[in-house]
Every structure is written in C-alpha cells, then in structure tokens.
Ligand SMILES: NC(=O)c1ccc[n+]([C@@H]2O[C@H](COP(=O)([O-])OP(=O)(O)OC[C@H]3O[C@@H](n4cnc5c(N)ncnc54)[C@H](OP(=O)(O)O)[C@@H]3O)[C@@H](O)[C@H]2O)c1
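Residue numbers (our numbering): 1 to 294.
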C-alpha cells in the first residue's frame, strides 16, 4: 500500500507509519536466535509499503542495524527512509563521528536519511560538541536530516540553539494511554515549531487495555481497538508513528489503521476520556539522561 505522507513546512516528510527495530537482534546485547525471522519481517514490511525504518546503535548492540543491512540486499535502499540513533554516552564530538561510521558500516549504506540523539547527552558531555558533530555529518552530505528523541520542549530548544540545521523531529513515547508528550507540551511545541513528533510504542507492546470507549469506536468504524489507537496518533497534526512487529498478521492490522478518518469529536473523546492515562513514560521519561547522573 501507499502509506500516507506527512510533510512539514520545511519540506521534511515522513510516512505516517514506520517499522521500529527495537528487540530485533536482541535487546541491549546481541541475540542471533531470531535472525532469519527478523530479516524476513523487515523484508515483508518493505514489500508491504513501509518506507520509514527506525533503528539505533544500541538495539541488539548494533545487531539490529546488521539485520536491516541483510534486508536491504533485496530492496531498493533509495526508496527507504532509514533512521538511526547515537546513544547518550557516545555524544562527545569524536564519539558521534565514531558511532556514525560504525552505524554506516553495519548498515552497509553510505548515508542516513535521519540521525537522532537517542536522548539528551549524558552528564559531562557538552551539547555544543554533540551538535557540532551532527552539523558536520550534515555538511558532509552523509546525513540528510537530524533530530532528537525523548526531549522536553526546553531541552529541544536548547539543542536547536546549538545546531546550524533544523531539528526535524522529536521521537517520544506517545499513545492513547501514555500522554507525557501532551502533559509536557511536546506535541503543542512541535505543532507550533514545524517539528514532527514520531510516536514510539504506539500499541504499548500490544498491551493497551480494551476499554469500553475503544470497543465502542471499534464497532463504529469497523476497525480493531489497535487500529483505532494507531489512527488516533496519525490523525493529529505533526504526528507520525513507528511500531515494531515481526508478525505478518500484526503488520496487516497496523497498516489497516491508515485508511480511515475519525471525526474530530471522536479524536478529542479519546484524548479526554481515555481512562487511566499515564503522564510519565514507564520506559524512557522525557529528559531521562539529563536528569540522571553519569
Ligand atoms: N527513541 C526511543 O527512546 C525509543 C524507545 C522505544 C522504542 N522506540 C522505537 O519505537 C519502535 C516501536 O516501539 P516498541 O517496539 O517499543 O513498541 P510497540 O511498537 O508499541 O510494540 C511492539 C510490540 O507489540 C507487538 N505488536 C505490534 N503490533 C501489534 C498488534 N497489531 N497487535 C498486538 N501486538 C502488536 C509486537 O509483537 P509482534 O512482533 O509479535 O507483532 C511487539 O512485541 C521501536 O521498535 C523503536 O524503533 C524508540
């Protein structure tokens, strides 16, 4: 399918749905047990029309990037938007450049579409040095766009001040249940500043509670509650999402979330009436590294 695209005023664009590779190739250590299935899942997603693929140097200690490289062998890399991330502890000037080279080598590509700070740099690393290195990669033409993850508007603005290039996105934990991005005004800040919010964990790992409201809307739109949850994200301005799945069935379900429109009233009902909302991420709270001693 042709996944709809969202375009910022700056011209930067992303498909509304992409594939995340967290937990492919291991968590924080390499795990090769599911390599074949993971490569097949990435390939299947690309064949189904997924173009934005999100990984990080830390996913499976780099192995997720190697799995993506394997899938790229059978696909046209130029049609894809590949995003990777430099870890908070590697964000010195030299550290960013070293991490980037290692990422490119593992991916077997000669450029990244999007390079992100996985978090604000660890204590002891100066954000000015981090952004000097990110700017250098853009100047060399090996990174097309830069962005950040998990930052409050305050940290985002500070990071932006130290970069010559526009930060095109802020990748944050955001879904019907987890609303830190609303509570700390990441969403509002992005909409006002021409920034894309890339909502990670859109289906809360398949563990979203099936509430009466979601059941009612599921019946009304003839879509599953998961599809309602994904559609709720992508129906908002400046928001796109990335989900991880190795299941063909889940992939088809998630893509089926992109072909219908909910009324504004229903979108706002989910915003206001979804029960038991959480205002801090249970995985990576905003500004986590900034608040955490090295
Ligand atoms: N920047 C950051 O700090 C950060 C943090 C976390 C995540 N991310 C990125 O965001 C991506 C997505 O987040 P996530 O992987 O944590 O969470 P997620 O996409 O919400 O959940 C993935 C899990 O949900 C399952 N799933 C997917 N679709 C489903 C469906 N339709 N029904 C039921 N279960 C379903 C998957 O299992 P199956 O494989 O069996 O389908 C997988 O176990 C990551 O892969 C990563 O690229 C970024």
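Cβ coordinates follow ideal geometry from the N, Cα and C atoms, glycine included.
- If the five residues before and after residue 37 are omitted, its C-beta is found closer than 8 angstroms to the C-beta atoms of 246, all from its own chain and listed in chain order.
- Following the DSSP letters along the chain, one finds residue 216 inside the alpha helix (DSSP H) bounded by residues 212 to 221.
- Judged by their CB atoms, residue 57 and residue 85 are nearer to each other than the 8 angstroms cut-off.
- Within a 10 Å sphere around the beta-carbon of residue 238 sit 16 or more other beta-carbons, which makes this residue buried.
- Within 7 angstroms of the C-beta of residue 246 there is at least one heavy atom belonging to ligand 1.
- With a cutoff of 8 angstroms on beta-carbon distance, residue 49 and residue 242 are scored as not near each other.
- The C-beta distance from residue 172 to residue 286 rounds to 7 angstroms, short enough to meet the 8 angstroms contact threshold.
- Counting only runs of 3+ residues, the beta strand (DSSP E) found wholly inside the region 143 to 227 occupies 143 to 149, 167 to 173, 196 to 200, in chain order.
- The residue among 1, 188, 104 with its C-alpha nearest the C-alpha of residue 77 is 104.
- In the DSSP annotation of this structure, the continuous segment of the alpha helix (DSSP H) that includes residue 273 starts and ends at 264 to 273.
- DSSP, read as helix, strand or coil, puts residue 99 in helix.
- In this structure, residue 215 lies away from residue 267, with their beta-carbon atoms at least 8 angstroms apart.
- Annotation for residue 13: no alpha helix (DSSP H) segment contains it, though the beta strand (DSSP E) segment containing it runs 13 to 15.
- Residue 11 and residue 17 have their C-alpha atoms spaced approximately 18 angstroms apart.
- DSSP lists 15 as the bridge partner or partners of residue 5.
- A check of alpha carbon separations from residue 54 across 80, 40, 35, 74 identifies 80 as the nearest.
- Per DSSP, the beta-bridge partners of residue 83 are 54, 114.
- DSSP places residue 39 inside the alpha helix (DSSP H), whose first and last residues are 35 to 47.
- Using a Cβ-Cβ distance cut-off of 8 angstroms, the region 209 to 224 and the region 185 to 197 are not in contact, since fewer than three pairs of beta carbons, one from each stretch, lie closer than that value.
- Collapsing the DSSP output to three states places residue 239 in a strand.
- Residue 274 has its alpha-carbon roughly 41 angstroms from the corresponding atom of residue 135.
- Assignment of residue 278 by DSSP, reduced to helix, strand and coil, places it in the strand class.
- Boundaries of the alpha helix (DSSP H) around residue 252: 248 to 255.
- In chain order, 104, 142 place their CB closer than 8 angstroms to the CB of residue 110, counting only its own chain and leaving out the 5 sequence neighbours on each side.
- The shortest C-alpha to C-alpha distance from residue 194 to any of 255, 220, 153 is the one to 153.
- Per DSSP, residue 125 is not a residue of any alpha helix (DSSP H), being assigned neither H nor E.
- Of the residues 44, 99, 22, 94, the one whose Cα lies closest to the Cα of residue 64 is 22.
- The three-state secondary structure of residue 20, taken from DSSP, is strand.
- By the 16-neighbour rule on beta-carbons within 10 angstroms, residue 83 is buried.
- By the Cβ test, the region 252 to 262 is not in contact with the region 154 to 172, since fewer than three Cβ pairs between them sit closer than 8 angstroms.
- The three-state reading of DSSP puts residue 62 in helix, counting H, G and I together.
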